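Student:
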Amino acid sequence: MNRFYIQTYGCQMNVADTDRMTALLERAGGEAVEAPEQADLILLNTCSVREKPELKVYSRLGELRKLKRGNPDLVLGVCGCQAQREGEAILKNAPYVDLVIGTANVGRVAELVEEVRRSGKRLVALDMPKRGTPSWMAPDPHMTTDLVDLVPSVGAPARGKLKAFVPVILGCDFACTYCIVPRTRGPERSRPVSDVLGEVRALAQTGTKEVMLLGQTVDAYKSYYYADAAEDSRVYSLADLIWLINDVDGIERIRFTSPHPMLMHDELIDAVAECPKACEWIHLPVQSGNDTVLKRMARRYNRERYLDRIRRIRQAMPDCAITTDIIVGFPGETEEQFQDTLSLVEEVRFDGAYMFNYSPRPGTPAHGWEGELEHDVKIDRLNRLIAVQNRISLEKNQALIGRTFEVLVEGPSEQGDGLYTGYTRENKTCHLPGHPGMAGRLVKVRSTKGAQWGFFGEPLEQVGAPLPVLTL
Ligand code: 5AD
Ligand code: SF4
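Just remember that my numbering sits 194 ahead of the position in the sequence shown, which is counted from 1.
1) Beta-carbon distances below 7 Å to any heavy atom of the ligand 5AD define the shell here; list its residues in chain order, please.
2) Under the three-state reduction of DSSP, which class applies to R221: helix, strand or coil?
3) For P453 versus L478, is the C-beta distance shorter than 8 Å?
4) Could you give the distance in angstroms between the alpha-carbon of K638 and the alpha-carbon of G271?
5) If contacts are defined as beta-carbon pairs under 8 Å, then A515 and K622 qualify, I think. What distance do you get, rounded to the angstrom?
6) What are the start and end residues of each continuous alpha helix (DSSP H) run of 4 or more residues lying completely inside the segment 496-527, in chain order?
7) Nearest-angstrom Cα distance between V307 and L320?
8) What number of angstroms, rounded off, separates the C-alpha of Y290 from the C-alpha of S242?
9) In whole angstroms, what is the alpha-carbon distance linking K357 and V405?
10) For C241, which three-state DSSP category applies?
11) Secondary structure at G651, three-state DSSP: helix, strand or coil?
12) Do the CB positions of L293 and R279 come within less than 8 Å of each other?
13) Rounded C-beta distance between R383 and L407? I'm assuming under 8 Å.
14) Just how far apart, CA to CA, sit L219 and A233?
15) Taking 6 Å as the limit between beta carbons, can you name the residues of its chain near G658, skipping five residues before and five after?
16) Look at the alpha carbon of G651 and the alpha carbon of A414, and state the distance between them as a whole number of angstroms.
17) Among the candidates E540, I507, K643, C473, whose CA atom is the shortest distance from the CA of H459?
18) Taking the C-alpha atoms as reference points, what is the distance between E257 and R263?
19) How about S417 and V387: do their beta carbons lie closer than 8 Å?
20) Might you give, ordered along the chain, the residues of its own chain that have their beta carbon closer than 7 Å to the beta carbon of S587, omitting 5 neighbours on each side?
21) Tell me whether V345 is buried or exposed, calling it buried when 16 or more other Cβ atoms sit within 10 Å of its Cβ.
22) Assess, as a yes-or-no matter, whether the segment 423-431 is touched by the segment 469-488 under the definition of 3 or more beta carbon pairs within less than 8 Å.
23) With N551 as the anchor, note down where its beta strand (DSSP E) starts and where it stops.
24) Between which two residues does the alpha helix (DSSP H) harbouring K260 extend?
25) Please identify the residue among E620, F599, R619, H629 whose C-alpha is closest to the C-alpha of L613.
26) Decide yes or no for the touch test of the segment 369-381 against the segment 601-615: beta carbon pairs closer than 8 Å, at least 3 of them.
27) Under a three-way DSSP split, which group does H477 fall into?
28) In whole angstroms, what is the alpha-carbon distance linking N584 and K250?
29) Just mark N299 as buried or exposed, buried being the case when its beta carbon has 16 or more other beta carbons within 10 Å.
30) Using DSSP with H/G/I as helix, E/B as strand and the rest coil, what is Q410?
31) Which residues in the same chain as W437 place their Cβ atom closer than 8 Å to its Cβ, once the five residues preceding and following it in sequence are excluded?
32) What does the alpha-carbon distance come out to for the pair P653 and E474?
33) Where DSSP assigns a beta bridge to V539, which residues make up the other side?
34) Quick one, which of P247, P455, R490 has its alpha-carbon nearest D502's?
35) Alpha carbons only, please: which of G326, T297, E527, A288 is nearest the one belonging to H569?
36) Give every residue of the same chain whose Cβ lies closer than 7 Å to the Cβ of V412, excluding the five residues on either side of it in the sequence, and list them in chain order.
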């Protein structure tokens with residue numbers, strides 16, 4: 195009666211929320227299953243950042259509804275950003291949905307499911323802390339649940355994840371005009387340092403080697419050590435947090451995503467450069483290369499300030515990989531303004547980029563603005579941008595041939611042929627000839643062939659034991 199299945203859409207924060215809900219449901223006696231057909235509880239953890247994934251959720255719900263015929267006890271729930279954005283409307287649009295859980299209520303998942311089962315009522319949980327409320331006064335399950343407890347099976351390395359997402363700051367206080375996140379994830383609030391460290395230490399015990407610190411504007415992180423500031427009233431920044439995590443035994447790599455260019459101060463760049471475990475990879479969303487568009491997006495920096503940050507990063511770390519997010523076809527974007535984005539991409543030479551067509555989102559400031567571009571124009575611009583960036587990614591990775599990298603090997607590559615896959619400190623994918631003993635290890639690798647996605651390499655050291663060969 196307690197088998198559950200969670201399908202996750204969208205960003206890393208959603209993946210982290212799914213991990214949390216999984217841990218909470220398991221603690222309440224549940225068991226994760228591989229397919230929705232085997233489940234008594236199905237949750238869709240949704241994304242609102244663009245329109246398409248939202249539409250997909252409704253068609254998915256329509257399919258899953260059929261499972262209720264064979265299993266009348268099946269509870270069907272929607273959580274994540276779309277749940278927060280649409281709320282009650284989801285119950286109307288999809289009368290077979292039993293439960294809607296907003297983004298600040300994931301910590302209540304087990305009790306909410308229990309309540310639906312007990313009462314037979316359909317429930318909607320959308321509470322959101324008010325802006326500026328200190329975390330100890332606004333019981334936000336994200337913040338107050340004993341998170342150390344939630345890390346799956348502390349002390350059971352076999353169950354641990356090699357790489358783990360750790361939310362450090364929730365919500366967003368910016369108001370970029372295209373973005374739904376401030377509405378779906380609420381006001382900005384940072385987790386106390388002690389909470390974050392407790393979680394990272396627990397993860398390290400389960401075998402985690404790499405942590406990715408998460409936040410919509412992760413460089414806005416500022417928090418006391420303990421929740422109530424009584425014992426230590428110092429305010430810690432993201433740079434401070436990175437230095438503290440650097441001392442956690444077992445953790446080998448620290449990353450964070452995504453910083454806001456306006457908050458990407460020298461102190462943080464220097465921490466990445468000097469802290470041994472902080473990786474040489476920075477994802478710095480630019481969105482557009484044109485000052486007028488940036489202004490209309492309310493990004494609060496201009497092209498020059500962005501380029502200044504890139505120069506500062508490269509001055510501190512010449513080989514640091516830099517990736518970005520770009521939106522094409524913001525309302526009113528002219529061909530000339532789009533050309534500025536292309537020229538910025540050529541100037542910076544990003545290692546990689548996530549590139550999107552602008553998608554109007556109800557509830558954002560830019561929704562309904564004049565100058566919405568024809569679909570074909572947007573597609574054409576996006577394709578041109580992708581072509582430029584793909585060429586640059588390939589050129590950059592080809593230029594790495596012969597260089598040595600530290601690769602954290604994850605497991606067999608989908609490409610087959612005895613290849614294994616891992617990631618460098620620069621967050622580049624590497625395929626290399628390997629064996630099962632390599633999984634989970636840091637291996638020195640020389641790059642032999644560049645590709646758009648990363649590179650092929652050869653190991654420079656013998657790591658771990660190859661599996662014994664059985665002779666029968
Ligand atoms: N349309 C298209 N892309 C968007 N993003 C955010 N909002 C929108 C939107 N309305 C992109 C931004 C952001 C990334 C996570 O998603 O580039 O950095
Ligand atoms: Fe959205 Fe802007 Fe906040 Fe990023 S900074 S989450 S783009 S509102």
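Virtual Cβ for every residue (Gly too), placed ideally from N, Cα, C.
In this text the structure is predicted, and so the values were computed from the model without any measurement.
Tutor: Let's see:
1) Result: C205, V243, R244, Y372, C373, I374, S452, P479, Q481, D519, I520, I521, Y548, F550, N551, Y552, S553, P554, R555, T558.
2) Look at R221 here: in three-state DSSP terms it is helix.
3) Cβ distance < 8 Å, so P453 and L478 count as in contact.
4) C-alpha of K638 to C-alpha of G271: approximately 45 Å in a straight line.
5) About 6 Å separates the beta carbon of A515 from that of K622, a gap short enough to meet the 8 Å contact definition.
6) Segments of the alpha helix (DSSP H) lying fully in the segment 496-527: 497-510.
7) Roughly 15 Å between the two C-alpha positions.
8) Those two C-alpha atoms are separated by around 21 Å.
9) Rounded to whole angstroms, the separation of the alpha carbons of V405 and K357 is 6 Å.
10) C241 falls in the coil class under three-state DSSP.
11) In the structure shown, G651 sits in a strand (DSSP, three-state: E or B).
12) Their beta carbons are not under 8 Å apart, which means L293 does not touch R279 by this criterion.
13) Their Cβ separation, rounded to whole angstroms, is 15 Å, which puts R383 and L407 out of contact at 8 Å.
14) Taking the straight line from one Cα to the other gives about 13 Å.
15) Apart from the 5 residues on each side of it in sequence, G658 sits with its Cβ closer than 6 Å to the Cβ of G631, M632, R635 in its chain, given in chain order.
16) Straight-line Cα distance between these residues: approximately 37 Å.
17) The shortest Cα separation from H459 among E540, I507, K643, C473 belongs to I507.
18) Each residue's alpha carbon lies about 12 Å from the other.
19) Result yes, Cβ atoms of S417 and V387 sit closer than 8 Å.
20) Excluding positions up to five away in sequence, the list reads D545, G546, Q646.
21) Residue placement at V345 cannot be trusted, given a pLDDT of 46 that sits under 50; the coordinates are not used to answer.
22) With fewer than three CB-CB distances shorter than 8 Å, the segment 469-488 does not count as touching the segment 423-431.
23) 546-551 is the span of the beta strand (DSSP E), which, as asked, contains N551.
24) Where K260 is concerned, there is no enclosing alpha helix (DSSP H), given that its DSSP letter is neither H nor E.
25) Nearest option by C-alpha distance: H629.
26) Short answer: they don't touch.
27) H477: strand per DSSP, three-state reduction.
28) Within the model, the alpha-carbon separation for N584 versus K250 is close to 28 Å.
29) Counting the other Cβ atoms within 10 Å of the Cβ of N299 gives 16 or more, which makes it buried.
30) Q410: coil per DSSP, three-state reduction.
31) For W437, where only same-chain residues beyond five positions count, the Cβ hits under 8 Å are A465, C469.
32) Straight-line Cα distance between these residues: approximately 20 Å.
33) Bridge partners of V539: none, in fact.
34) The shortest Cα separation from D502 among P247, P455, R490 belongs to P455.
35) Residue E527 is the option with its Cα nearest to H569.
36) Its chain contains V362, I363, L432, F450, T451, S452, P453 as the residues whose beta carbon lies nearer than 7 Å to that of V412, once the 5 sequence neighbours on both sides are disregarded; these appear in chain order.
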